[in-house]
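Here the structure comes first, spelled out in structure tokens, and everything after it is commentary.
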Amino acid sequence: MIDELQIQRFLDDGAFTMDTPISMDRITAAAEALDRLLPQKEGRNRSSLTCNYDDPALIDLIQDPFFEQVSCQLLDSKAVYFFQTAIITAFPQPGVEFGFDQHVDLQYTLTDLEASPRRVTSIFFLWLSDVALDQAPMMYRPGSHRPLAAHWETQAELKGEIPRIIGIKLADLPELDYAEPQPLLAKAGQASVLTTGMVHGASVHTGDLPRKVLVITFHAADVTIGLPEVQEIAKREYDATLRKALPQERRHIVRPI
Ligand SMILES: [Fe+2]
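Residues in the sequence shown are numbered consecutively from 800, following this note's numbering.
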């Protein structure tokens, strides 16, 4: 599935892009599902949904054994469970100067990252359209999750609270020696794997065509990742939806009740 070098890039850089075995027909079907589910709202340049869709073209990708198997490798775990999913369409923003957001979404320690199984999530950004420099690439600071994880490790009040999902803007993060931001580029059908404990964020879409992505997240079966209450409720409801929608032989990716 993936090799040791790619696993090392996940640990050190926090991101890499890879080919997937997903056919372009399946990618096109999912892109069409986003067209149906995520119309552009007036005055908005992004549309998104989290854990609340059951379109067969999207379920078909979420359940693909490829993401489960790569997650087992990334998280050094024999078994993994589905965690969350999101769909996002970024629409062109004519006349807007390039710029980008910077934040983290996941808080963990270096011990969590280096544990076996790893106490972090594996996240796939499965690109449903090309991502060039002018197509709202995600921007990220390679390796920035490591000094942050080392810092979180020193914060006594976080003991027992993390790993957890929590959005923190760059301005509220400790002033550490972060690498310069880089764009994450890809072709439709490729997946970018990253850890959102790294400083990253969405950028302005300076091109012409909507950019679409399906996000799929897993965690090691024996590891609990904390969620804000609203997300936890939505996730539990979505687990039930998935259990019903998945074929019997794929249901094991959803954590049992
Ligand atoms: Fe994020």
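Backbone N, C-alpha and C fix where the C-beta goes; we use that ideal spot for every residue, glycine too.
Since this is a predicted model, take the numbers as computed values, not measurements.
Asked: Proximity to VAL930 [Cα-Cα], best of GLU974, LEU983 and ILE1056; Found: LEU983
Asked: Shell residues, 6 Å Cβ cut-off relative to heavy atoms of ligand 1; Found: HIS902, ASP904, THR995 and HIS999
Asked: Residue environment, GLU1031, which counts as buried when at least 16 other CB atoms sit within 10 Å; Found: exposed
Asked: Test item: CB-CB of SER847 and ILE887 under 7 Å; Found: yes
Asked: Simplified DSSP assignment, three categories, for PHE866; Found: helix
Asked: Element boundaries [alpha helix (DSSP H), containing LEU947]; Found: 944-952
Asked: Reference ILE821, options LEU912, ALA987 and ARG845, closest by Cα; Found: ALA987
Asked: Residue-chain proximity (GLY898, chain C), Cβ-Cβ < 7 Å; Found: Although the question refers to chain C, the structure presented lacks it and comprises just one protein chain.
Asked: DSSP-derived helix/strand/coil call for LYS1034; Found: helix
Asked: Three CB pairs or more closer than 8 Å across the stretch 1013-1021 and the stretch 947-956; Found: no
Asked: Distance, GLN883 Cα to ASP811 Cα; Found: 24 Å
Asked: Among ARG1049, ARG1035 and PRO1046, nearest to ILE1056 - alpha-carbon criterion; Found: ARG1035
Asked: Sequence-distant residues of its chain with Cβ nearer than 6 Å to ALA889 (five each side left out); Found: ARG845, ALA935, HIS1004 and ARG1010
Asked: Nearest-angstrom Cα separation, counted from GLY942 out to GLU979; Found: 10 Å
Asked: As assigned by DSSP and simplified to three states, the class of HIS1004; Found: coil
Asked: Alpha helix (DSSP H) runs contained entirely in the stretch 886-967, provided each spans 4 or more residues; Found: 909-913 and 944-952
Asked: Segment limits, beta strand (DSSP E) that includes ARG1050; Found: Element bounds for ARG1050: n/a, residue is neither H nor E.
Asked: The stretch 895-908 touching the stretch 854-873, judged by at least three CB pairs closer than 8 Å; Found: no
Asked: Continuous alpha helix (DSSP H) stretch holding ILE858: start and end; Found: 855-861
Asked: Candidates ASP824, THR849, GLY842 and ARG825: closest to LEU836 by CA position; Found: THR849
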